[in-house]
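Asker: In terms of our numbering, the sequence shown opens at residue 1 and continues consecutively.
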Amino acid sequence: DDLAEAIYKTEVEFNRLPNVKPVFRLHPPKKGFKGKVKKSYAAGGVTGYRGEAINDIIKRMI
1 DDLAEAIYKT EVEFNRLPNV KPVFRLHPPK KGFKGKVKKS YAAGGVTGYR
51 GEAINDIIKR MI
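1. Would you report the Cα separation of A43 and R50, rounded to the nearest angstrom?
2. Between N15 and P29, what straight-line distance do the alpha-carbon atoms span, to the nearest angstrom?
3. Could you pull out every residue in the same chain whose Cβ sits closer than 8 Å to the Cβ of T47, ignoring the five residues on either side in sequence?
4. Helix, strand or coil, according to DSSP, for G45 in the structure here?
5. Quick one: what's K36 bridged to in DSSP?
This is how it looks when you write it as structure tokens:
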């Protein structure tokens, strides 16, 4: 919890942490994207700003 809070507050430099990669990658969401990939979220697609709905898609990607 302390590390997560320090990362959130940008108090930790990833370059100084041993065995930690400065990048992380997400898998595609389980059960796929809901909507068209080429359309914006506002137009019924999946790209672009989605506000609080970002939490739902990230949970499906972890």
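Ideal Cβ placement from N, Cα and C applies to all residues, glycine included.
Answerer: Taking the definition as stated:
1. 11 Å
2. The alpha-carbon of N15 is positioned some 29 Å away from that of P29.
3. Same-chain partners within the cutoff: V37, K38, K39, S40 and Y41.
4. Residue state, collapsed to three classes: strand.
5. G45
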